[in-house]
Amino acid sequence: MDSILQVNNLTKQYDGFKLDHVSFSVPKGAIMGLIGENGAGKSTTINAILDLIHNDEGTVTFWGQELSGSKQLKEDIGVVFDGINFYETLTPAKVGKIGRTAYKQWDAHLYQEYLKRFQLPLDKEIKTLSKGMKMKLCIAFALSHKPKMLILDEATSGLDPVMRDDILEVFLDFVQDETHSILMSSHITTDLEKVADYITFIHQGKVLFCKTKDELRYNYGIIRCGAALFDQLDKDEILAYRKDDYQWNVLVADKEKAKRKYKNAVVDDATIDDILLLYVKGDQAK
Amino acid sequence: MKSLVLKDLLNIGHNAKSMLFILLVFAIALIPFSGVEGYIFVCAILCSMMIVTTFSFDDNSKWTRYAMIMPVSKKELVGGKFIALAIFCAVGSLFGLVVGSIGGLISNKITLDLIGIGELLFLTLISWVIALIFGSMSIPLVFKFGAERGRVLLLVSFLIPAGICFGVYQLLATLGVALTDQLVFILLCCSPLLALAWCYVMYQISYRIFAKQEI
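In order, the protein sequence lines correspond to chains A and B.
Residue numbering for the first sequence follows the working numbering, starting at 1 and increasing by one per position.
Residue numbering for the second sequence follows the working numbering, starting at 287 and increasing by one per position.
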């Protein structure tokens, strides 16, 4: 697998929280979704990847090189955080001026095109823009220095579905170039279901799994059953389970096998939301 | 680094109108009573304080975190603040010179002869130096304590250089060195170099503070 970003054993200890030997890689031409509950370590992982915090252990490489101090690598990485990082009295035109002086690869024409595409007014102050418009401005800025890798930390949070759909389209366009990749953390798992190729699930500072979205979508399932059937289930096949009022919900990695084996059970497809909920709120069998 | 300085100038540009208003009020209040010299000095000091405001803007928009993912090093980020400060001080002292001269002429406080102009230009340079020394002290304080607490500690940035100057004056007095007009003039002529050396020390301290921080 030809990776753009390689994260190996990333570890960071805080009081009461530890990012614990996080490893995953983002292949070329792919969108990697980073999911997990609040406080799971998604933002800490992204901060560590971007060298904004000091790692206790582990390495992060982009195209085989460490980020720290490399200006060329930073030219090739576009980042969008969950809020705008330009002061509210600036305008998109002034933001463009800053971009032009900051990046060698800055393409003023491309920036203007994105502003037009996103219907962003050149001379309106940021404080007058809606949250969606602000995010679009951040994305326009991040894309206008022609990065090869985009890192998005909750970039679609707080946006309405129409706005999110517009933005997801931009991300899909971006990875049409197979040398490009996206690492995208989001609470909105439906967004990741739409665009992600891989899902990395972080829970309590640890990577629970890193799998292709199709594997989750086509193989993972939820057995809905009563207590009697639950007792009969092969515990080795159970990834996580949770008891609702009158029903057990059991996450399994092979739903077809479960359907064959437990003919009386209802086996549903598992969405990423279901998987996240069962891992976080349920019990893990293995 | 150019982008960082440009960002500060664009951010602070929004405050330009209110600063202009304040400086004009000071012109009316100060020039007829304290003269042009005091006004130039006040303009330079007030404009130097804008550097702390740029930190507030940065905090407000979480800019520093974003700057660090741009092709900018921590050294450049710190250096950019000192360049922005030097520009603010220059703008302040030159504004003081121009408006002060106009006000001085109107209120008959100055005359437009060669010596008078020379004195004003020299005073403008000294105001820039003093504002730069005071302002540069505030930068490590703000890096260490943040913009809000740093603003409170701004007084410290004025007291420390003043204390050092007083200490040097006392030391010279103890050593029996008399501060003649000629010696003061030489010291003032050397002051731009002293200010740059002072800024370099403040830059190193600021960088060390900032380099250890997690953003």
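Glycine included, each C-beta is placed from N, C-alpha and C at the ideal position.
C-beta atoms of residue i and residue j nearer than 7 angstroms
{"i": "Ser181(A)", "j": "Lys28(A)", "result": "yes"}
{"i": "Pro318(B)", "j": "Ser413(B)", "result": "no"}
{"i": "Thr156(A)", "j": "Ile126(A)", "result": "no"}
{"i": "Ala216(A)", "j": "Leu251(A)", "result": "Checking the displayed sequence, the identity of residue 216(A) turns out to be Leu instead of Ala. No. Outside cutoff."}
{"i": "Asp82(A)", "j": "Asp166(A)", "result": "no"}
{"i": "Leu292(B)", "j": "Thr101(A)", "result": "yes"}
{"i": "Ala313(B)", "j": "Gly389(B)", "result": "yes"}
{"i": "Ile501(B)", "j": "Arg351(B)", "result": "yes"}
{"i": "Leu19(A)", "j": "Gly158(A)", "result": "no"}
{"i": "Ile151(A)", "j": "Leu183(A)", "result": "yes"}
{"i": "Lys395(B)", "j": "Val311(B)", "result": "no"}
{"i": "Ala196(A)", "j": "Gly36(A)", "result": "no"}
{"i": "Phe374(B)", "j": "Tyr489(B)", "result": "no"}
{"i": "Asp268(A)", "j": "Ile222(A)", "result": "yes"}
Amino acids of chain B, ordered along the chain, whose beta-carbon sits closer than 8 angstroms to that of residue i
{"i": "Ile98(A)", "result": "Ser289, Leu292, Lys293, Leu296"}
{"i": "Lys94(A)", "result": "Leu296"}
{"i": "Leu276(A)", "result": "By Cβ distance, chain B contributes nothing, its closest Cβ being about 27 angstroms from Leu276(A), past 8 angstroms."}
Chain-ordered chain A contacts of residue i [CB-CB under 8 angstroms]
{"i": "Lys348(B)", "result": "Phe81, Gly83, Asn85"}
{"i": "Ser359(B)", "result": "Gly69, Lys71"}
{"i": "Met356(B)", "result": "Lys74, Ala102, Tyr103"}
{"i": "Arg351(B)", "result": "Leu52, Phe81, Asn85"}
Residues of its chain near residue i, where Cβ-Cβ distance is below 7 angstroms and the 5 sequence neighbours each way are ignored
{"i": "Ser492(B)", "result": "Val364, Ile425, Pro426, Phe429"}
{"i": "Gly282(A)", "result": "Ala240, Tyr241, Arg242"}
{"i": "Ala376(B)", "result": "Trp414"}
{"i": "Lys361(B)", "result": "Tyr493"}
{"i": "Phe118(A)", "result": "Lys136, Ala140"}
{"i": "Leu115(A)", "result": "Pro92, Leu122, Ala140"}
{"i": "Ser443(B)", "result": "Phe420, Met423, Ser424, Leu427"}
{"i": "Trp106(A)", "result": "Gly99, Arg100, Ser144, His145"}
{"i": "Lys131(A)", "result": "Gly158, Leu159"}
{"i": "Asp191(A)", "result": "Thr156, Arg164, Leu168"}
{"i": "Leu229(A)", "result": "Tyr262, Asn264, Ala265"}
Where the alpha helix (DSSP H) through residue i begins and ends
{"i": "Thr45(A)", "result": "42 to 49"}
{"i": "Pro92(A)", "result": "92 to 102"}
{"i": "Trp484(B)", "result": "467 to 498"}
{"i": "Val463(B)", "result": "Run containing Val463(B): none; DSSP gives neither H nor E here."}
{"i": "Gly421(B)", "result": "400 to 438"}
{"i": "Asn346(B)", "result": "336 to 347"}
{"i": "Met32(A)", "result": "Unbroken run through Met32(A) is the beta strand (DSSP E), 31 to 35; no alpha helix (DSSP H)."}
{"i": "Leu295(B)", "result": "288 to 299"}
{"i": "Lys395(B)", "result": "Premise fails: Lys395(B) is in no alpha helix (DSSP H) and is neither H nor E."}
{"i": "Gln72(A)", "result": "71 to 75"}
Extent of the continuous beta strand (DSSP E) to which residue i belongs
{"i": "Leu183(A)", "result": "181 to 185"}
{"i": "Thr61(A)", "result": "57 to 62"}
{"i": "Val22(A)", "result": "17 to 27"}
{"i": "Lys239(A)", "result": "In the sequence as displayed, the identity of residue 239(A) is Leu instead of Lys. Leu239(A) -> beta strand (DSSP E) spans 238 to 243."}
{"i": "Lys281(A)", "result": "Taken as a continuous stretch (DSSP letters only), Lys281(A) belongs to no beta strand (DSSP E), being part of the alpha helix (DSSP H) at 272 to 281."}
{"i": "Asp153(A)", "result": "149 to 153"}
Alpha-carbon spacing of residue i relative to residue j, whole angstroms
{"i": "Leu407(B)", "j": "Leu391(B)", "result": "15 angstroms"}
{"i": "Ala164(A)", "j": "Gly324(B)", "result": "The question names Ala, yet the displayed sequence has Arg at residue 164(A). The straight-line gap from Cα to Cα measures roughly 57 angstroms."}
{"i": "Leu52(A)", "j": "Leu409(B)", "result": "44 angstroms"}
{"i": "Met356(B)", "j": "Arg437(B)", "result": "27 angstroms"}
{"i": "Ala459(B)", "j": "Leu400(B)", "result": "34 angstroms"}
{"i": "Gly78(A)", "j": "Phe174(A)", "result": "11 angstroms"}
{"i": "Gly41(A)", "j": "Thr179(A)", "result": "28 angstroms"}
{"i": "Asp2(A)", "j": "Phe201(A)", "result": "21 angstroms"}
{"i": "Leu208(A)", "j": "Asn301(B)", "result": "50 angstroms"}
{"i": "Ala108(A)", "j": "Trp349(B)", "result": "21 angstroms"}
{"i": "Trp63(A)", "j": "Ala353(B)", "result": "22 angstroms"}
{"i": "His21(A)", "j": "Lys211(A)", "result": "17 angstroms"}
{"i": "Gln468(B)", "j": "Glu405(B)", "result": "15 angstroms"}
{"i": "Gln112(A)", "j": "Ile446(B)", "result": "48 angstroms"}
Contact set between residue i and chain B, taken where Cβ atoms lie within less than 7 angstroms
{"i": "His54(A)", "result": "Glu500"}
{"i": "Leu159(A)", "result": "Residues of chain B passing the Cβ test: none, with the nearest at roughly 19 angstroms."}
{"i": "Leu172(A)", "result": "In chain order: nothing, as chain B lies at least about 23 angstroms away."}
Interface partners of residue i on chain A, CB under 7 angstroms
{"i": "Phe343(B)", "result": "Tyr87"}
Distance cut-off 6 angstroms: residue i Cβ against heavy atoms of the ligand SAH
{"i": "Gly321(B)", "result": "Within the structure as shown, the ligand SAH is missing, as the structure has no ligands at all."}
Own chain partners of residue i with C-beta closer than 8 angstroms, once the 5 adjacent residues on each side are dropped
{"i": "Tyr87(A)", "result": "Ile126"}
{"i": "Leu316(B)", "result": "Gly324, Tyr325, Val328"}
{"i": "Val60(A)", "result": "Leu5, Gln6, Val7, Asn8, Leu10, Ala48, Ile49, Asp51, Glu66, Leu67"}
{"i": "Leu440(B)", "result": "Met335, Val338, Ser424, Leu427"}
{"i": "Leu380(B)", "result": "Thr410"}
{"i": "His203(A)", "result": "Gly36, Glu37, Ala40, Tyr279, Val280"}
{"i": "Leu73(A)", "result": "Phe62, Trp63, Gln65, Leu67"}
Under 9 angstroms from the C-beta of residue i: neighbouring residues of chain B
{"i": "Ile77(A)", "result": "Ile355"}
{"i": "Leu137(A)", "result": "In chain order: nothing, as chain B lies at least about 12 angstroms away."}
{"i": "Leu208(A)", "result": "Here the premise fails: no neighbours, minimum Cβ distance about 26 angstroms."}
Contacts around residue i, its chain only, beta-carbon distance under 6 angstroms, and the 5 residues preceding and following it disregarded
{"i": "Ile331(B)", "result": "Ala417"}
{"i": "Asp294(B)", "result": "Thr340, Ala370"}
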